[in-house]
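Worksheet: one structure, shown below.
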Amino acid sequence: DHLEMALLIGNDPETYSIAKSIQKVLNTDIHILLTGETGTGKEVWAKAIHNESNRRNKPFVAINCAAIPESLIESELFGYNTGTFTGALKQGMKGKVLLANGGTLFLDEIGDMPLQLQTRLLRVLSEMEVAPLGESSPIPLDIQLISATNQNLSEMIKDNRFRADLFYRLNGI
126 DHLEMALLIG
136 NDPETYSIAK
146 SIQKVLNTDI
156 HILLTGETGT
166 GKEVWAKAIH
176 NESNRRNKPF
186 VAINCAAIPE
196 SLIESELFGY
206 NTGTFTGALK
216 QGMKGKVLLA
226 NGGTLFLDEI
236 GDMPLQLQTR
246 LLRVLSEMEV
256 APLGESSPIP
266 LDIQLISATN
276 QNLSEMIKDN
286 RFRADLFYRL
296 NGI
């Protein structure tokens with residue numbers, strides 16, 4: 126039943142304990158925050174969590190918050206309507222959040238998200254709806270959110286580089 130996570134666990138008791146905690150919230154609305162050094166397999170875990178959830182046949186959409194230029198990340202995440210800004214695609218663009226609707230959204234390197242965008246993401250998560258740029262009517266969301274970082278978010282909060290309220294929203298488990 127939980128084959129993919131079982132393969133990741135191996136015989137490590139600490140990893141087994143983590144997996145049991147994840148399984149308790151697997152098909153709930155609780156958001157998951159994965160932390161660890163670069164190369165420890167956070168995205169592999171995110172995919173395993175998705176594949177073992179009741180969303181396994183829905184989209185798994187991953188976005189690396191550090192790899193997208195700050196000027197483009199808002200439109201990448203939330204999308205935009207036709208003619209919203211100069212240089213926009215004529216037909217508009219569906220954002221990653223909406224592409225993940227019904228499935229899982231994986232926000233990798235969440236610690237690299239600009240503060241302004243953290244505010245917008247917090248609003249989206251609080252309301253569980255999103256309005257693409259240039260759209261006045263919000264669209265309801267049904268997503269499992271998994272975030273990951275190799276940064277110390279508690280230190281970033283102290284330095285005013287990461288919102289405490291967003292951290293608590295992301296860190297359901």
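In this text, residue positions in the sequence shown follow the numbering used here: the first is 126, and each later residue adds one. Every residue gets a Cβ at the ideal spot worked out from N, C-alpha and C, and that includes glycine.
*Pairing CB atoms from the stretch 174 to 182 with CB atoms from the stretch 131 to 138, are three or more of them under 8 Å?*
no
_For PHE231, which residues in the same chain have their Cβ closer than 6 Å to its Cβ, ignoring the five residues on either side in sequence?_
Translated into the one-based positions of the sequence shown, residue 231 becomes position 106. The residues are ALA171, ALA187, ILE271.
*asked:* So, with DSSP's three-state summary, where would you put PHE292?
replied: Within the sequence shown, numbered from 1, the residue matching residue 292 stands at position 167. Helix, per DSSP.
*CYS190 versus ASP267 - alpha carbon distance*: By 1-based counting over the sequence shown, the position of residue 190 is 65. By 1-based counting over the sequence shown, the position of residue 267 is 142. One C-alpha to the other measures close to 21 Å.
_Looking at LEU247: is its Cβ nearer than 8 Å to the Cβ of ARG286?_
To locate residue 247, count along the sequence shown from 1; it is residue 122. To locate residue 286, count along the sequence shown from 1; it is residue 161. Against a cut-off of 8 Å, the Cβ pair of ARG286 and LEU247 comes out as no contact.
*Going by the CB atoms, is the gap between PRO263 and GLY204 shorter than 8 Å?*
Against the sequence shown, residue 204 aligns to sequence position 79. Against the sequence shown, residue 263 aligns to sequence position 138. It is not a contact, given that the beta carbons lie outside the stated cut-off.
*The beta strand (DSSP E) with ILE268 in it runs from where to where?*
Within the sequence shown, the letter at position 143 stands for residue 268. Run containing ILE268: none; DSSP gives neither H nor E here.
_Taking the beta strand (DSSP E) that PHE287 belongs to, which residues open and close that run?_
For the purposes of this step, residue 287 is taken as residue 162 along the sequence shown, with counting starting at 1. Neither: PHE287 is in no beta strand (DSSP E) and is coded neither H nor E.
_For a quick check, are the C-beta atoms of ASN206 and GLU260 less than 8 Å apart?_
One-based indexing of the sequence shown puts residue 206 at position 81. One-based indexing of the sequence shown puts residue 260 at position 135. A contact, by the Cβ cut-off of 8 Å.
_Could you tell me the alpha carbon to alpha carbon distance between SER279 and ALA289, rounded to whole angstroms?_
Position 154 of the sequence shown, counting from 1, holds the residue named residue 279. Position 164 of the sequence shown, counting from 1, holds the residue named residue 289. Distance between the alpha carbons of SER279 and ALA289 is about 8 Å.
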